[in-house]
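Peer 1: Protein chains in written order, with this note's numbering: chain A, 773 to 1121; chain B, 773 to 1121; chain C, 773 to 1121; chain D, 773 to 1121.
The structure is given below, and queries will be raised subsequently.
There are 4 protein chains.
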Amino acid sequence: MGKISVGILGATGMVGQTLVRLLEKHKWFEVTELAASDRSSGKSYGEIMKGRWSISPEMPKYAEEMVIKECNPDLRCDVVLSALDSSVALEIENKFAKAGYAVSSNAKNHRMENDVPLLIPEINPDHLALIDMQRKKRGWKGFIVTDPNCSTIHMCIALKPLFDSFGLERISVTTMQAASGAGYPGVPSLDIIDNVIPFISDEEDKLENEPLKIFGSISGSGVINAGFRVSASCNRVPVRYGHTESISVKLSRKTDREEVIATLKKFSPLSGMGLPSAPRRSVVYSEVENRPQARFDALVEGGMASVVGRLRKCNVLDYKFTVLGHNLIRGAAGAALLNAELLKVKGYI
Amino acid sequence: MGKISVGILGATGMVGQTLVRLLEKHKWFEVTELAASDRSSGKSYGEIMKGRWSISPEMPKYAEEMVIKECNPDLRCDVVLSALDSSVALEIENKFAKAGYAVSSNAKNHRMENDVPLLIPEINPDHLALIDMQRKKRGWKGFIVTDPNCSTIHMCIALKPLFDSFGLERISVTTMQAASGAGYPGVPSLDIIDNVIPFISDEEDKLENEPLKIFGSISGSGVINAGFRVSASCNRVPVRYGHTESISVKLSRKTDREEVIATLKKFSPLSGMGLPSAPRRSVVYSEVENRPQARFDALVEGGMASVVGRLRKCNVLDYKFTVLGHNLIRGAAGAALLNAELLKVKGYI
Amino acid sequence: MGKISVGILGATGMVGQTLVRLLEKHKWFEVTELAASDRSSGKSYGEIMKGRWSISPEMPKYAEEMVIKECNPDLRCDVVLSALDSSVALEIENKFAKAGYAVSSNAKNHRMENDVPLLIPEINPDHLALIDMQRKKRGWKGFIVTDPNCSTIHMCIALKPLFDSFGLERISVTTMQAASGAGYPGVPSLDIIDNVIPFISDEEDKLENEPLKIFGSISGSGVINAGFRVSASCNRVPVRYGHTESISVKLSRKTDREEVIATLKKFSPLSGMGLPSAPRRSVVYSEVENRPQARFDALVEGGMASVVGRLRKCNVLDYKFTVLGHNLIRGAAGAALLNAELLKVKGYI
Amino acid sequence: MGKISVGILGATGMVGQTLVRLLEKHKWFEVTELAASDRSSGKSYGEIMKGRWSISPEMPKYAEEMVIKECNPDLRCDVVLSALDSSVALEIENKFAKAGYAVSSNAKNHRMENDVPLLIPEINPDHLALIDMQRKKRGWKGFIVTDPNCSTIHMCIALKPLFDSFGLERISVTTMQAASGAGYPGVPSLDIIDNVIPFISDEEDKLENEPLKIFGSISGSGVINAGFRVSASCNRVPVRYGHTESISVKLSRKTDREEVIATLKKFSPLSGMGLPSAPRRSVVYSEVENRPQARFDALVEGGMASVVGRLRKCNVLDYKFTVLGHNLIRGAAGAALLNAELLKVKGYI
């Protein structure tokens, strides 16, 4: 049987490049279209990306000769993975969904809309039920699903087993985010060499609000937000890939350190579902006292896992720990791809 | 009138070098002795430090010809500033205090002893009363005062005006600490280039316990710890100088953002005391949305201030903000020096 | 007597900011105008630069309230220091010179024109004679002088004493240039963290050709290039300030290592001229085996010197050594300022 | 048929770890012994390396349970790969060779001895003839072969096709070397963050002398050095892996740029020999104007190739170009391994 045809919107950016790489030799999907802004369209991907390809030593062969299209809903594909910049994503994604495409987006624009799933397969696959509401409400043939912010997603994956086993009341998180989270050219080197920047525009808002929707429950009219509260402090650090997060949590019921660690270790909700890009373990717990670290752990499970370590008692809330995850893979491109794979097994594409 | 003679113990390390620089042309103190480990003693400071001096482009002239002594209590000076490594500080500092020297130490060894002041002039000058208990109890002619850990001190300076005006209940802090906090050679470059290390040995314990003593009250038998609680998560980042800290606090009484900022801005408890190394403003509040930053703000007020910014509501506790301070100056050498200056105006030396 | 009024063109960029700082409390010059691109004009410098000022902890007070003007030749000043981007410098500088202003430029556009001095006060003050040719040929009331590329200038200062004492035949130079050499935002952090980029557009051409003019002799019709040859390889390294250069030279006459070092050490052609920004020593020779280094030596002599070290025999040419210099100070803003000071003592302004 | 048994000396250092990884699932060799200094011996590799393994996300399974032995010549293996520190390598390697082991060493100690091959399979496989002289002269049953310094090897691989086709007269090289070249803990982070160090102890001597032996010819009494001359300037840069080298060469016969590039591109002397660790292409030439770069190209061909780019005319010698190579793989561990593979196909083991 043939593969499902996929188009990548915003294929020239950091997240788009990562999608191009992740989709090389994909079991279910075949990239039939690469699209980007007007300036790039009409040229081959190899030509446009010469000297700009930065995700791996060499660009996948399949992409080199592909001609970059404009982001119009006349692409020859059934699914589009959107790595568009938020300045243009709203309108373009709407056009594609209206025209009948299944859109799995990494852009922030649609995330908080009440009829759009903000989807993490390990946490809220039931939110796919919003797709029917969305189509009905908007009169679309196609639909849009979104993935969360790169720091949000790794925090939520680590929190999910705690949420299920102990309940969550309060979460305090301080992030130390890699430069690649800002795309390319992104953070000027003069700003970040030998420095920490204690501010990332809009980022704390995303970390505080997206989890409420992700852990929310489905009702007839959309998502009812989860009842916990999140406080976030976001920092940029001179690291290329891998967001590190120091997290403290207040749980709903008492437990001990061993039980929390055991709960984290046994969390693997995707096993048995056969999603090609799913990590074997969604949470990887490290026992080494100074781990996880970006330079070692960002690529654990191919960059699709959230690596947790240093779980210990917190004097203010209950427990604290460190989470590390690859911001471009599980934090962005891999998340949109995994969502598309979930759409496939659930029959939406 | 003559200057007070000062000896520097551990003069060859990072903190020792910083003391050598800070004491150049000091108004009250004159460095008459430089002491270090056996290997260095007998040679001139200029000879030993050739190629190792790393605090400023050129070593102060006064130090070049001074012969390095062993750390024995036969130094020709009245006060010693100790930048000794903790592996040797306990015994050596005891010998000096016993022999009649006033010891202002940056080492961790004596910090938590109940008859030793853990001193920040802006916060607990009344703890100097411990000196009499210490001398009586130990039968010493001299005495020891200590300064706190480099991350503790900047956090405490920022917290002091909040403690005074609103009361403190809970503090949650995540640090992003500079490599120089580990001394020299300290952190190997392979460990920290393009990386964050989410662990610093013993550091969280210091941040969680030292503030309780610093903000404690004096009783007849020592210090009664303050009643708030601190939870700390310590990270090492690829920065040379300047610790950045994301802090959230729960206050005892309600207030609003403007009042908190105003309280921070007007905090200058040392003005009028005439301490030569005191910052004009102990807390400098920055209104720029992405400040404080190590590369800009570590040297504000000559590195003696704690720079605060981004004060905003916290969803979990009450308020959160960022503190940035120079770890070698106000965080270590400058703290020991300022304590010695306080000892002088209070009549202890 | 009053100070000479100075305008800064391109005052908001990295070089412009450095000029703003260097001109604070200048003995001879007073900044009366700050000009920049259309987008900034009409607003105060303090407002435009809030969060962008990056040269020192705090912007000089004098500049804060100044209103930024457009770069039109109606500025109230006698001299303009140009830190304009090369994309606009040609036309704007021409307009100012035509209108009667003395223009001391850091832009590359006019450097190689045969009637424009490419000026380093230590090397070719006699090239000021070109000003008369320039005015005559172009019918201008004012005139333009330029300073060299940031890597060229430090190399040339180090070469000048060798040129004078031994003659120069061949120069081979490999640069390791700081990110700030590319201006702001300049080099994206993703390109340079943990990396070396072995290419800087047009840079090798400047290093190979500008020295021939700088060391050239004046004839009736312009400059006759010097006869030596330069080969340059330019690299970008993850350093903020300070270009490091490994240089080998073939000399015209035989000499020994001690003589070469002695020649470098005694090079101070500006002493006695009273130029306010001149370094006491134009070349500072370091005897420490692993110096000069950007982190220590970039600010030697206030960033106005070229620091040389490691002079030793070369197996291919005659001698080799390392030069380190601040790219924004002596390499750019300080060079344009020093040239203006030379113009003043030579009676051109 | 069984695999050849291999022991790794110095298995806990950076080069030793790289050998442990490269030998996982090796086609010909099986690691039967891991040896290191006295302090480690007797414990399992997994225990000793917990928190120290730094070459890949996870240590190869085969090594975890192996007990570390002392470096005495009673190891159960036929070949030893030595990653010993030079402070102990001389004596230990001698003992092993005397006792009958084939020793392929990465240490510098024996490199320049006239009866020891300084071996690069692409360049001087005929130097294996020295093994017989060595055994005879020293009365050893076993023998020692060595690989060159990490910067030397990549330079020599790039030079070999030029040497063969055009002849070499002069080479001028400036290196920008990664921190991992100094081992672990190696370069302190305070020395190298935001800095370049223009000195590496003994390194220039190796780059200037080792190539003369490598390209030398075999006579009855040892190696007759090649007749060209090398001048080296060595710098340390804040990069973790990958040495970058700017190289200029004077050739014996005239040629043009296209011919030089073509000669580099077709250089693949190991193809057809079947060495398991040999790169498909020993030199990989990049046409992108700003390549090779450490972050992209260090792992080309699994880190076993030398990546060349920017070949262009030189104003002082004839041509210049940039070479980039992985210092721990082809520059050290992979070189010793490839040499052992050559020994096997040539019948020495």
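Cβ atoms here follow ideal geometry from the backbone N, Cα and C, with glycine treated the same way.
Any idea if residue 953(C) is buried or exposed, counting beta-carbon neighbours within 10 angstroms, 16 or more meaning buried?
Peer 2: buried
Peer 1: When you compare the CB of residue 1099(C) with every CB in chain B, is at least one pair closer than 8 angstroms?
Peer 2: no
Peer 1: Which whole runs of the beta strand (DSSP E) in the segment 1084-1112 of chain A are 3 residues long or more, in chain order?
Peer 2: 1091-1097
Peer 1: By the 10 Å Cβ neighbour count, where 16 or more other Cβ atoms means buried, how is residue 844(B) classified, buried or exposed?
Peer 2: exposed
Peer 1: Less than 7 angstroms between C-beta atoms, sequence neighbours within five positions excluded: which residues of the same chain meet that for residue 907(B)?
Peer 2: 915
Peer 1: Determine the direct distance from the alpha carbon of residue 926(B) to that of residue 820(D), and round the result to whole angstroms.
Peer 2: Each residue's Cα considered, the two are about 37 angstroms apart.
Peer 1: Are residue 1008(B) and residue 951(B) touching if we call contact CB-CB under 8 angstroms?
Peer 2: Residue 951(B) sits close to residue 1008(B), with the two beta carbons spaced by under 8 angstroms.
Peer 1: Tell me whether residue 929(C) sits in a helix, a strand or coil according to DSSP, three-state version.
Peer 2: Residue 929(C) falls in the helix class under three-state DSSP.
Peer 1: Any idea what DSSP makes of residue 802(C), helix, strand or coil?
Peer 2: strand
Peer 1: Please classify residue 776(B): does DSSP put it in a helix, a strand, or coil?
Peer 2: strand
Peer 1: Specify whether the segment 1016-1032 of chain D and the segment 1101-1118 of chain D touch according to this definition: at least 3 beta carbon pairs, one from each stretch, less than 8 angstroms apart.
Peer 2: no
Peer 1: Applying a beta-carbon distance threshold of less than 9 angstroms, which residues of chain A neighbour residue 1066(B)?
Peer 2: 966, 967 and 968
Peer 1: Should residue 890(B) and residue 782(B) be called a contact, given that it needs their Cβ atoms to be closer than 8 angstroms?
Peer 2: Not closer than 8 angstroms, so no.
Peer 1: Buried or exposed: residue 1069(C), going by 16 or more other Cβ atoms within 10 Å of its Cβ?
Peer 2: buried
Peer 1: State the CB to CB distance for the pair residue 894(A) and residue 1047(A), rounded to an integer number of angstroms; the pair is presumed to be in contact (CB under 8 angstroms).
Peer 2: Incorrect: roughly 10 angstroms between the Cβ atoms, too far for contact.
Peer 1: When you compare each of 872(A), 861(A), 1107(A) and 901(A) to residue 851(A) by their alpha carbons, which one comes out closest?
Peer 2: 872(A)
Peer 1: Are there 16 or more other CB atoms within 10 angstroms of the CB of residue 1090(D), so buried, or fewer, so exposed?
Peer 2: By the 16-neighbour rule on beta-carbons within 10 angstroms, residue 1090(D) is buried.
Peer 1: Ordered along the chain, which non-local residues of its own chain (more than five positions away) have a Cβ less than 6 angstroms from that of residue 976(C)?
Peer 2: 1004 and 1006
Peer 1: At which residue ranges does the segment 852-901 of chain C contain complete alpha helix (DSSP H) runs of 4 or more residues, listed in the order of the chain?
Peer 2: Here the runs fully enclosed are 858-870.
Peer 1: In chain C, which residues lie less than 7 angstroms from residue 1012(A) when you measure between Cβ atoms?
Peer 2: 962, 965 and 966
Peer 1: Rounded to whole angstroms, how far is the Cβ of residue 1084(D) from the Cβ of residue 1092(D), which I believe are closer than 8 angstroms?
Peer 2: 6 angstroms
Peer 1: Name the chain A residues that come within less than 8 angstroms of residue 958(C), Cβ to Cβ?
Peer 2: 960, 961 and 962
Peer 1: If I follow the unbroken alpha helix (DSSP H) through residue 833(C), where does it start and stop?
Peer 2: 833-836
Peer 1: Along the segment 821-847 of chain A, what residues have a CB closer than 8 angstroms to any CB found in chain B?
Peer 2: Going along the segment 821-847 of chain A in chain order, one finds no residue with a Cβ nearer than 8 angstroms to chain B.
Peer 1: I need the straight-line Cα distance from residue 797(C) to residue 1010(A), nearest angstrom please.
Peer 2: 36 angstroms
Peer 1: Look up residue 1057(C) in the DSSP assignment and give the residues it is bridged to.
Peer 2: The partner list for residue 1057(C) (beta bridge, DSSP) reads 1080(C).
Peer 1: Does the segment 933-949 of chain C touch the segment 1014-1029 of chain C, meaning 3 or more C-beta pairs lie closer than 8 angstroms?
Peer 2: Output reads yes: the segment 933-949 of chain C touches the segment 1014-1029 of chain C.
Peer 1: Looking at the C-beta of residue 1071(B), does it have a partner C-beta in chain C at a distance below 8 angstroms?
Peer 2: yes
Peer 1: Beta strand (DSSP E) containing residue 1008(A): first to last residue?
Peer 2: 1001-1008
Peer 1: Starting from residue 1068(C), trace the beta strand (DSSP E) both ways and give me its first and last residue.
Peer 2: Segment 1066-1069 is the alpha helix (DSSP H) holding residue 1068(C); no beta strand (DSSP E) there.
Peer 1: By the criterion of Cβ-Cβ separation under 9 angstroms, what are the contact partners of residue 1112(C) in chain A?
Peer 2: Result: empty, since nearest Cβ-Cβ is about 26 angstroms, beyond 9 angstroms.
Peer 1: One question on the structure: do residue 1049(D) and residue 1109(D) come within less than 8 angstroms of each other, judged by their Cβ atoms?
Peer 2: yes
Peer 1: If you pair each beta-carbon of the segment 820-840 of chain C with each one of the segment 802-809 of chain C, do three or more pairs fall below 8 angstroms?
Peer 2: yes
Peer 1: Any C-beta of chain D sitting closer than 8 angstroms to the C-beta of residue 819(A)?
Peer 2: no
Peer 1: Going along chain A in order, which residues have a C-beta closer than 8 angstroms to the C-beta of residue 952(C)?
Peer 2: 962
Peer 1: Which same chain residues, not among the five before or five after residue 1061(C), have their C-beta less than 6 angstroms away from its C-beta?
Peer 2: Here the set comprises nothing.
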